[in-house]
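> Following this message is one structure expressed as C-alpha cells.
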Amino acid sequence: MTIQDTDISKVRTILLELTGLSCLLYAILAVTQNTPQTIWWFVPTAMGVFTGVGTFVAFAMADPASRCMATDEMYTLITHRAQRHAYWLFLGLYPAFAVIIMTTGLEWNTAFAAMGTLTGAAYLLLLKFYEWRMS
Amino acid sequence: MSGLHNSLKELRKVKGLTQADLASAAGVSRKTINTIENKVFVPSTVLALTLSKVLDVSVHDIFELEE
Chain A
91 MTIQDTDISK VRTILLELTG LSCLLYAILA VTQNTPQTIW WFVPTAMGVF
141 TGVGTFVAFA MADPASRCMA TDEMYTLITH RAQRHAYWLF LGLYPAFAVI
191 IMTTGLEWNT AFAAMGTLTG AAYLLLLKFY EWRMS
Chain B
5 MSGLHNSLKE LRKVKGLTQA DLASAAGVSR KTINTIENKV FVPSTVLALT
55 LSKVLDVSVH DIFELEE
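Quick mapping for you: the protein sequence lines, in order, are chains A and B.
Be aware that the first sequence starts at 91, since it is given in my numbering, and climbs by one per residue.
Be aware that the second sequence starts at 5, since it is given in my numbering, and climbs by one per residue.
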C-alpha cells in the first residue's frame, strides 16, 4: 500500500501541530504551577517521538515521487520562514523570562523547561500558521 | 502580491489539465500549483522552466513582469 503526497502532508501537519500544542500546553502548566514536573509532563516528549515515527512511516509508505512532492520548494520556503521567525521568538524568550522570573519568583529550572518547550512550540506552530496562510 | 503576472491557470485549462495533473507532472504538490496561480507564491527558475516544459510553452507565455 502506497500513500500520496497529500496524505503525507496531512499526517505531517496534524502530528506537528499536536506536538506544538502539547509543548505550549506544557510551558503554560509549568509556569502557572511553578514546577517542571507538571501533570502530563511526559506528553511533549511522547508526542515528539510519536510524530517522528509517524512522519517516518508516512514517508516510508509513499513512492519516491510523492515524497518529492511533499517536500517541494514551497514547503521548503515555509519551513525556512518558520525557522527564521522562531529563532527571533526564541531570543525574545530570554528577556521575557528574565522579567517573569524577577517579578513572579519563577524557579530557574521551571523557566528553562518552559523556554525549551516554547522554542519547539514557536517553530511548530509558526510552521502550521504559514502553511495555513499559504493555502 | 508580487510584480509577476502569470497565465498558468489559463494555459493549464487550455491543455485540459487539473491542478493535480499539472502538479504530478511537475513533481510538486497541488497546493504549490494553486498558490502560483493565485499569485501567493513565486516559483523558482527551475520550477518555472519545468512548468513551461510540461505545458509545452515558453516561460514568457506563463510569466511576465507587471507594468
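Ideal Cβ placement from N, Cα and C applies to all residues, glycine included.
Which residues in chain B have a C-beta closer than 8 Å to the C-beta of A/H113? List them in chain order.
By one-based count along the first sequence, residue 113 of chain A stands at place 23. It is Cys, not His, that sits at residue 113 of chain A in the sequence shown. Result: empty, since nearest Cβ-Cβ is about 26 Å, beyond 8 Å.
> With A/L106 and A/T141 assumed to form a contact (beta carbons below 8 Å), what rounded beta-carbon distance in angstroms separates them?
For the purposes of this step, residue 106 of chain A is taken as the residue at position 16 of the first sequence. For the purposes of this step, residue 141 of chain A is taken as the residue at position 51 of the first sequence. Confirmed, Cβ separation roughly 6 Å.
> Candidates A/M159, A/R102, A/Q123 and A/T92: which alpha carbon is nearest A/E197's?
As a working mapping, residue 197 of chain A is identified with position 107 in the first sequence. Minimum Cα distance to A/E197 is reached at A/Q123.
> For the segment 148-166 of chain A, list every residue whose C-beta sits within 8 Å of some C-beta in chain B, in sequence order.
Flagged, chain order: A155, C158, M159, A160, D162, E163, M164 and Y165.
> Name the chain A residues whose beta carbon is nearer than 8 Å to that of B/V44?
Along the second sequence, read from residue 1 onward, the residue named residue 44 of chain B stands at position 40. Under the 8 Å cutoff, chain A gives M224.
> In the DSSP assignment, what residue or residues form a beta bridge with B/N10?
Position 6 of the second sequence, counting from 1, holds the residue named residue 10 of chain B. Bridge partners of B/N10: B/F67.
> Using a C-beta cutoff of 8 Å, does A/D95 count as contacting chain B?
As a position in the first sequence, residue 95 of chain A is number 5, starting the count at 1. By the rule that beta-carbons nearer than 8 Å mark a contact, A/D95 touches chain B.
> I want to verify the contact list: residues of chain A whose CB lies under 7 Å from the CB of B/L55, in sequence order.
For this step, residue 55 of chain B is matched to residue 51 along the second sequence. Neighbours of B/L55 on chain A: none; closest Cβ ~12 Å, over 7 Å.
> Taking 7 Å as the limit between beta carbons, can you name the residues of its chain near A/L217, skipping five residues before and five after?
In the first sequence, counting from the first residue as 1, residue 217 of chain A sits at position 127. L106, I168, T169 and A172.
> Tell me the start and end of each unbroken alpha helix (DSSP H) in the segment 101-188 of chain A that is at least 4 residues and wholly inside, in chain order.
133-151 and 154-160
> By alpha-carbon positions, which one of A/G110, A/Y213, A/V121 and A/I129 ends up nearest to A/Y177?
Looking up residue 177 of chain A in the first sequence gives position 87. Considering only alpha carbons, the answer is A/Y213.
> At a CB distance below 8 Å, what residues from the segment 27-39 of chain B approach chain A? Give them in sequence order.
A27, S28, G31, V32, S33, R34, K35, T36, N38 and T39
> So, A/D153 versus A/T92, is the Cβ gap smaller than 8 Å?
Within the first sequence, the letter at position 63 stands for residue 153 of chain A. Within the first sequence, the letter at position 2 stands for residue 92 of chain A. Cβ distance < 8 Å, so A/D153 and A/T92 count as in contact.
> At a cut of 8 Å, does the segment 137-151 of chain A reach the segment 17-26 of chain B through at least three beta carbon pairs?
no
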